[in-house]
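Asks: Got a structure here, written out as structure tokens. Questions coming.
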Amino acid sequence: MKLSKALLAMAVLTAALAAGAHGSEDHAKKAGPVRKEQKAFGIAGDSKAVKRTVRLTMSDSMRFTPDVIDVRQGDTIRITLNNSGQVLHEMVIGTKQELEEHAALMVRFPNMEHDEPYMAHVKPGSTGEIVWTFNRPGSFDFACLVAGHYQAGMVGRINVRRTETLKQGSKS
Numbered sequence: 321m322k323l324s325k326a327l328l329a330m331a332v333l334t335a336a337l338a339a340g341a342h343g344s345e346d347h348a349k350k351a352g353p354v355r356k357e358q359k360a361f362g363i364a365g366d367s368k369a370v371k372r373t374v375r376l377t378m379s380d381s382m383r384f385t386p387d388v389i390d391v392r393q394g395d396t397i398r399i400t401l402n403n404s405g406q407v408l409h410e411m412v413i414g415t416k417q418e419l420e421e422h423a424a425l426m427v428r429f430p431n432m433e434h435d436e437p438y439m440a441h442v443k444p445g446s447t448g449e450i451v452w453t454f455n456r457p458g459s460f461d462f463a464c465l466v467a468g469h470y471q472a473g474m475v476g477r478i479n480v481r482r483t484e485t486l487k488q489g490s491k492s
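Quick note, the sequence shown lines up with residues 321 to 492 if you use this note's numbering.
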């Protein structure tokens with residue numbers, strides 16, 4: 321009996337996740353305020369604070385170009401995404417573990433819909449963007465989590481350098 325309840329609870333949770341994550345509907349960013357939630361890799365940025373723009377291309381060869389982005393801690397970056405392919409691609413920023421878990425879920429539920437400020441879904445021949453503040457140092461990942469794309473190697477890395485602090489005694 322306990323096992324049946326546990327399986328039922330897992331099925332309900334899985335259905336709830338599937339209902340709110342990634343489907344065939346238009347993935348344009350919804351109008352309204354951006355949800356700013358601190359993540360291990362930063363927080364949603366304000367477009368007025370953008371320090372620079374990084375342009376990435378997503379292709380049907382299952383690659384991002386470039387696949388490495390170097391950022392200084394505290395910088396707000398606009399990542400402009402161009403889908404040069406014939407299929408939907410996306411960019412999702414996260415930790416390796418988060419991306420692996422999400423990619424596995426996408427294989428099981430390829431029609432899930434989701435819309436978070438650290439992800440952009442880009443139709444073939446279109447562009448998208450992410451504005452993100454990298455306020456935590458470290459190496460983070462990004463990937464296309466459309467079913468099969470992550471597994472084909474459509475991944476990249478973001479290196480966030482720690483902001484250099486003034487040495488004691490130096491003039492500010």
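We treat Cβ as the ideally placed atom computed from N, Cα and C, and that holds for glycine.
Note down, in chain order, each residue of its chain lying with its Cβ closer than 6 Å to the Cβ of Arg482, except the 5 sequence neighbours on either side.
Replies: Gln393 and Pro457
Asks: Return the chain-ordered list of same chain residues with a C-beta closer than 6 Å to the C-beta of Thr385, the five sequence neighbours on each side being excluded.
Replies: Thr377
Asks: For Lys371, which of helix, strand or coil comes out of DSSP?
Replies: strand
Asks: Quick check on this structure: which residue in Gln406, His469, Ala360 and Asp380 has the alpha carbon closest to the alpha carbon of Pro430?
Replies: His469
Asks: Alpha helix (DSSP H) containing Leu419: first to last residue?
Replies: Lys416 to Arg428
Asks: Based on the DSSP output, what are the partners of Phe384 in its beta bridges?
Replies: Met378
Asks: Determine, using beta carbons only, whether Asn316 and Val412 come nearer to each other than 8 Å.
Replies: Since the first residue shown for the chain is 321 and the last is 492, residue 316 is missing from the structure and cannot be characterised.
Asks: Starting from Asn431 and walking both ways along the beta strand (DSSP E), at which residues does that stretch end?
Replies: Counting along the chain, Asn431 falls outside any beta strand (DSSP E), and DSSP gives it neither H nor E.
Asks: List, from N- to C-terminal side, the beta strand (DSSP E) runs of 3 residues or more that fit wholly inside the stretch 450-485.
Replies: 458-463 and 475-481
Asks: Can you list, in chain order, the residues of its chain whose CB lies under 8 Å from that of Asp461, leaving out five sequence neighbours each side?
Replies: Ile413, Gly414, Thr415, Lys416, Leu419, Val475, Gly476, Arg477 and Ile478
Asks: State the beta-bridge partners of Asp390 as determined by DSSP.
Replies: Asn479
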